[in-house]
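Read through the structure below, which is laid out as structure tokens, and then see the notes.
There are 2 protein chains.
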Amino acid sequence: MAKFRLDEVDHQILDMLIDNTRVPFTDIAKKLLISAGTVHVRVKKMEDAGIIKGSSLTIDYKKLGYSFIAYVGIFLQNTSQTKFVLERINLLPYVTVAHVTTGKFNIFCKIRAKDTEHAKDIIFMLDDIDGVYRTETMISLEESLNDKKRLMHDIFREM
Amino acid sequence: MAKFRLDEVDHQILDMLIDNTRVPFTDIAKKLLISAGTVHVRVKKMEDAGIIKGSSLTIDYKKLGYSFIAYVGIFLQNTSQTKFVLERINLLPYVTVAHVTTGKFNIFCKIRAKDTEHAKDIIFMLDDIDGVYRTETMISLEESLNDKKRLMHDIFREM
DNA sequence: GGTGAAAGCACCGAGTT
DNA sequence: AACTCGGTGCTTTCACC
């Protein structure tokens, strides 16, 4: 995978858009003392390069009744079944992300549910997939998301 | 936390905006056969209710040279140190999310790094936090994100 | 690669049904 | 609650630097 170099202006633009994709390009332009046209061209360039893959809303799932988060580690009967099981897992809507991992588990995923009862159903569905030997669940008591803005500044500025 | 009820139109609007926050309200209106003003009012309502917390870009971190993902389970010397350690963890920019969990680990977090060398540095920083007894790392060999669109449709439509 | 202005639209609030 | 409509302001393009 090619590594793409961004300059300081690109970083500043990303910083602002990452916090709010709807911030007007004219505002960005004012802050960075460049023209709105330039902002537009640079954003387009980052989109074309695939650095900006898309945009999405941040939804408050708790307000929608989904306040249960857990991580589930999956042990397979045989690692050759990894691909098959991963495909099945991705058919389950309540699994938000799945990873093939080294270490203790073969597959590791995050689930989002309404409550413990609902989570139980999801975990049973995972257990029922062919090739899954057993699962181990870690319930999240508190989620703490890192601040995106700081992430961008500190991580990517150094490149 | 109060549970907020969304109707079919709200769901359709969210579905479109979740795929692309910059899709014009006029396009949404055309597709749903309502007026752009109505789209505007409904989005505003969801923002005011806090359902829509914000918006963000999806960045291709791999293209920026950050292709390493791992999960780190943390064992504390004493659970009373949870809050303190969590605060320290959140100061580390490469930790994208941290959870207080039940089960095997006390705290559980996800890190994003350039490579194994870089990951090692981050894990050492975690190990060095006062109160951390030891850590256990699971390296992600493959990440598989669930499709957002399907998530919204299948999960929230039923409420 | 950047600018600035102009044309084309989108947003958004007010007033109406 | 939803619609129309008009003012305001944003995006996007393009000729020029």
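Residue numbers (the UniProt record's numbering), protein chains in the order written: chain D, 1 to 159; chain Z, 1 to 159.
Even glycine gets a Cβ: it sits at the ideal position worked out from N, Cα and C.
Buried or exposed by the 16-neighbour rule on C-beta atoms within 10 Å, applied to residue i
i                     : result
residue 159 (chain Z) : Note that residue 159 (chain Z) scores 47 on pLDDT, short of 50, meaning its location in the model is unreliable and no value can be drawn from it.
residue 41 (chain Z)  : exposed
residue 6 (chain D)   : buried
residue 12 (chain D)  : buried
residue 108 (chain D) : buried
residue 146 (chain D) : buried
residue 122 (chain Z) : buried
Distance CB(residue i)-CB(residue j) smaller than 9 Å
i                     : j                     : result
residue 9 (chain Z)   : residue 16 (chain Z)  : no
residue 96 (chain D)  : residue 83 (chain D)  : no
residue 32 (chain D)  : residue 43 (chain D)  : no
residue 128 (chain Z) : residue 134 (chain Z) : no
residue 51 (chain Z)  : residue 4 (chain Z)   : yes
Integer-rounded CB distance, given that residue j should sit under 8 Å from residue i
i                     : j                     : result
residue 72 (chain D)  : residue 141 (chain Z) : Not confirmed; about 17 Å, so no contact.
residue 131 (chain Z) : residue 77 (chain Z)  : 6 Å
Given residue i as reference, the closest of the options once Cα atoms are compared
i                     : options                : result
residue 106 (chain D) : Z:137, Z:96 and Z:77   : Z:137
residue 93 (chain Z)  : Z:82, Z:102 and Z:113  : Z:113
residue 98 (chain Z)  : D:132, D:69 and D:21   : D:69
residue 102 (chain Z) : Z:126, Z:75 and Z:124  : Z:75
residue 20 (chain Z)  : D:32, D:35 and D:47    : D:47
residue 160 (chain Z) : Z:128, Z:14 and Z:144  : Outside the modelled stretch of chain Z, which goes from 1 to 159, sits residue 160 (chain Z), for which no answer is possible.
residue 125 (chain Z) : Z:139, Z:27 and Z:85   : Z:85
residue 139 (chain D) : Z:104, Z:139 and Z:143 : Z:104
Near the ligand MN: residue i beta-carbon under 8 Å from a heavy atom
i                     : result
residue 137 (chain D) : The ligand MN is absent from the structure shown, which contains no ligand whatsoever.
So, does the region 78-97 of chain D touch the region 54-62 of chain D, judging by three or more C-beta pairs under 8 Å? no
Would you be able to state if there are at least three C-beta pairs under 8 Å between the region 116-127 of chain Z and the region 62-70 of chain D? no
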